[in-house]
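Peer 1: In this text, residue positions in the sequence shown follow this note's numbering: the first is 370, and each later residue adds one.
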Amino acid sequence: MKIHPDKPHFQSINAYGPDWVQVGGEKITHSIILDSRGKRLDWPCNRFEDITTEVFEQMAQWQPELVIFGSGERLRFVHPSLTQALIQRQIGLETMDTQAACRTYNILAAEGRYVAVALLMR
Numbered sequence: 370m371k372i373h374p375d376k377p378h379f380q381s382i383n384a385y386g387p388d389w390v391q392v393g394g395e396k397i398t399h400s401i402i403l404d405s406r407g408k409r410l411d412w413p414c415n416r417f418e419d420i421t422t423e424v425f426e427q428m429a430q431w432q433p434e435l436v437i438f439g440s441g442e443r444l445r446f447v448h449p450s451l452t453q454a455l456i457q458r459q460i461g462l463e464t465m466d467t468q469a470a471c472r473t474y475n476i477l478a479a480e481g482r483y484v485a486v487a488l489l490m491r
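1) Let me make sure I understand the geometry here. Which of Pro449, Trp431 and Gln432 has the alpha-carbon closest to that of Thr422?
2) From the DSSP output, in three-state form, read off Gln391 for me.
3) Among all the DSSP beta bridges, which residues are the ones paired with Thr464?
4) Once DSSP output is grouped into helix, strand and coil, what is the label at Ile420?
5) Going by the beta-carbon positions, is the gap between Leu431 and Lys408 smaller than 8 Å?
6) Given this structure, state the Cα-to-Cα distance separating Ile401 from Pro433, to the nearest angstrom.
7) What is the rounded straight-line gap between the Cα of Ala485 and the Cα of Ser405?
8) Quick one, which of Gly386, Leu462 and Leu444 has its alpha-carbon nearest Leu451's?
9) Enumerate in chain order the residues of its own chain whose CB-to-CB distance from Asp411 is below 7 Å, with the five nearest sequence positions on each side excluded.
Structure follows, in structure tokens:
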């Protein structure tokens, strides 16, 4: 589903599908973290069970207003022990399936909010 035809003022997710996203014209089929100010990192995590604290520590260093976690095809919540870096910095965390995370990220970024998103593709 294509969701944004024009080039916005923030790093947007232009389109997405069940196991991919398109950012800046590039189709990405692996897990990724990015923020609305242009930061983008490949996330070497292919399974929900392999999630570690590092991804949340990295995003906490960026100091966004909010972190969105896209948990794959279905909604799954990470254990709070993995998100301590966010909790300590009082950064909110919202969890949803990856496609909902794409939509929510774009809406918040379009409002001018500084938001980061971690998208698990599998």
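The beta carbon of each residue, even a glycine, is placed where N, CA and C say it ideally should be.
Peer 2: According to the structure data:
1) Pro449
2) DSSP places Gln391 in strand when its eight states are reduced to three.
3) Phe438
4) coil
5) Reading off the sequence shown, one finds Trp at residue 431, where the question assumed Leu. In this structure, Lys408 lies closer than 8 Å to Trp431 by Cβ.
6) 16 Å
7) 6 Å
8) Leu462
9) His399 and Ile401
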